[in-house]
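Colleague: One structure coming up, written as structure tokens, with questions to follow.
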Amino acid sequence: MAKCEGGVPEHISGIDRAIVSKVIVFNIILFTSLLQVIIPSFKLNSGHEIPALGYGTWLGINDKDEFDYSDWDKMLKTLSYCIDVGYRHIDTAHLYRVEPDIGEVVNRKIKEGVVTREEMFITTKVWQHFHREADVEVSVRGSLRRLGLEYLDMVLVHWPMSISEEGVDEKIDYLETWRGFESVLSKGLVRSIGVSNFNVEQLKRLVANCKVKPAVNQVELNLAFGQKELVDYCNTQNIKITAWAPFGAMITSRAPPDAPGPRVDDLTLVAIAKKYGKTVMQVTLRYLYQRGIITIPKTVTPGRVLENASIFDFELTTSEFSTIAKFDVNYRSNRPTFWQNYTNYPFEKYDVPESPIPESLRKWKNGKNNDME
Ligand SMILES: NC(=O)c1ccc[n+]([C@@H]2O[C@H](COP(=O)([O-])OP(=O)(O)OC[C@H]3O[C@@H](n4cnc5c(N)ncnc54)[C@H](OP(=O)(O)O)[C@@H]3O)[C@@H](O)[C@H]2O)c1
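Using my numbering, read the sequence shown as starting at 2 and increasing by one per residue.
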């Protein structure tokens, strides 16, 4: 068998070789351009549109409680592919340490003409160390600089608690933090503002005491953790919910030992998926979309990029929808109990021994990029 270089068989030479090469490149471009997804949008209370599905960029922390850099390159390649095939919404955060790299990919795609800045929707988040009113602008301007952007589409208060790098409870009221958010909005640094990991009581208090209502609350939400009360309240206020960890404990290797189903091989979900020629993950994301929820699944596997976004060409029936709704057993799979004694911790507390905050969630500002201030 003749060896191929650049896909061109060895026995083809000279001008023919150049032509064959061009044909191969053309076909690759054609193939990629055919593999496009069109992702619909939801309207936010700010008047702006947000794509109903985005790309999540949190790489997580490893067994040693360190930030996990192992999939860094894969994630950036996958992100680049995402934009090529039609993703327009990226979810990131100051904490994730990836803003400079995300910005590099986005700006390259804009330069290459694949996408315009206006077509992209970029969300980042302000970390717990920046909750004083004046610090919000410092954080947002830092994110803009790291991302190489002139404005952000959305900035979220990452968590309601304010904690210093040393782990000290700063007890700053999130109403103060929110005033900083309203200020960066009025200065045009960001187009919509929102919160993350706020419970219903915190949201009600914020709504009662703000000039600008949050456009979004980003929380853990998946089949086993449907967050009905929170979603119902947000619907009355026209606040959209974005689901982080949309797959929850479905992936066995990621599931805590006591986690209830469904898992990816659940027979009910498999049957529904089969009916539509879809996967269980697609059925999951479709169900969340039909609930009016924005999702931001993370994957570093290019093959899953199109899978996760190919959910807008089928519709679950009312009966299938009700069947899937029954998986909701109010099970939270992510429990950051190391924060549970801090002021404004938003979740239920568990009877577990006190443990320190992982270093990677505190003294992280000079991470891999050495430019996180
Ligand atoms: N606001 C917050 O506090 C907060 C907290 C956590 C996360 N987030 C955001 O939410 C995003 C998503 O949450 P997450 O990353 O925790 O959880 P997730 O998206 O529910 O799950 C990610 C996992 O699912 C796998 N996966 C993705 N697509 C799949 C598919 N089609 N089939 C099988 N497995 C698939 C990924 O594997 P591979 O990567 O190996 O493909 C990865 O292991 C984050 O990236 C981040 O942007 C926000």
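A virtual CB, placed ideally from N, CA and C, is assigned to each residue, including glycine.
Output the residue ranges of the beta strand (DSSP E) runs that lie fully inside the region 228 to 289 and measure 3 residues or longer, sorted by chain position.
Modeller: Listed in chain order, they are 241 to 245.
Colleague: Using a Cβ-Cβ cut-off of 7 Å (strictly less than) and excluding sequence neighbours within five positions of residue 324, which residues of its own chain qualify?
Modeller: Residue 324 sits at position 323 when you count from the first residue of the sequence shown. Within the same chain, residue 324 has close Cβ partners 269.
Colleague: Any idea if residue 199 is buried or exposed, counting beta-carbon neighbours within 10 angstroms, 16 or more meaning buried?
Modeller: Residue 199 sits at position 198 when you count from the first residue of the sequence shown. Classification of residue 199: buried, given that the 10 Å Cβ count is 16 or more.
Colleague: Quick check: does the Cβ of residue 282 come within less than 7 Å of any heavy atom belonging to ligand 1?
Modeller: Along the sequence shown, read from residue 1 onward, the residue named residue 282 stands at position 281. Yes, Cβ of residue 282 sits closer than 7 Å to a heavy atom of ligand 1.
Colleague: Beta-carbon within less than 7 Å of residue 279's beta-carbon, same chain only, minus the 5 sequence neighbours each way: which residues are those?
Modeller: If you number the sequence shown from 1, residue 279 lands on position 278. These residues qualify, in order along the chain: 315.
Colleague: In terms of residue numbering, what span does the alpha helix (DSSP H) encompassing residue 77 cover?
Modeller: As a first step, residue 77 is located in the sequence shown; it is residue number 76 there, counting from the start. Residue 77 -> alpha helix (DSSP H) spans 73 to 86.
Colleague: Shorter than 7 Å, the distance from the beta carbon of residue 245 to the closest heavy atom of ligand 1, or not?
Modeller: Translated into positions along the sequence shown, residue 245 becomes position 244. At least one heavy atom of ligand 1 is nearer than 7 Å to the Cβ of residue 245, so yes.
Colleague: Using a Cβ-Cβ cut-off of 8 Å (strictly less than) and excluding sequence neighbours within five positions of residue 356, which residues of its own chain qualify?
Modeller: Locating residue 356 in the sequence shown gives position 355, where the first residue counts as 1. Hits under 8 Å: 338, 339.
Colleague: Does DSSP classify residue 218 as helix, strand or coil?
Modeller: As a working note, residue 218 is residue 217 in the sequence shown. Of the three classes helix, strand and coil, the one that applies to residue 218 here is strand, per DSSP.
Colleague: Between residue 300 and the rest of its own chain, which residues show a CB-CB distance below 7 Å, the 5 nearest in sequence each way excluded?
Modeller: Along the sequence shown, read from residue 1 onward, the residue named residue 300 stands at position 299. Only 79, 306, 309 meet the Cβ criterion.
Colleague: DSSP puts residue 170 in a beta bridge; with which residues?
Modeller: For this step, residue 170 is matched to residue 169 along the sequence shown. 164.
Colleague: Check for me: the beta strand (DSSP E) holding residue 1 runs from which residue to which?
Modeller: The displayed coordinates of the chain run from 2 to 374. Any statement about residue 1 would go beyond what the structure contains.
Colleague: Would you list the residues sitting across from residue 90 in a DSSP beta bridge?
Modeller: Numbered from 1 along the sequence shown, position 89 holds the residue referred to as residue 90. Looking at the DSSP assignment, residue 90 forms a beta bridge with 122.
Colleague: Output the residue ranges of the alpha helix (DSSP H) runs that lie fully inside the region 286 to 318 and measure 4 residues or longer, sorted by chain position.
Modeller: Counting only runs of 4 or more, we get 303 to 310.
Colleague: Could you give the first and the last residue of the continuous alpha helix (DSSP H) run that contains residue 112?
Modeller: Here residue 112 refers to the residue found at position 111 when the sequence shown is read from its first residue. Per DSSP, residue 112 belongs to the alpha helix (DSSP H) from 100 to 112.
Colleague: Buried or exposed: residue 383, going by 16 or more other Cβ atoms within 10 Å of its Cβ?
Modeller: With the chain running from 2 to 374 in the structure shown, residue 383 is simply not present.
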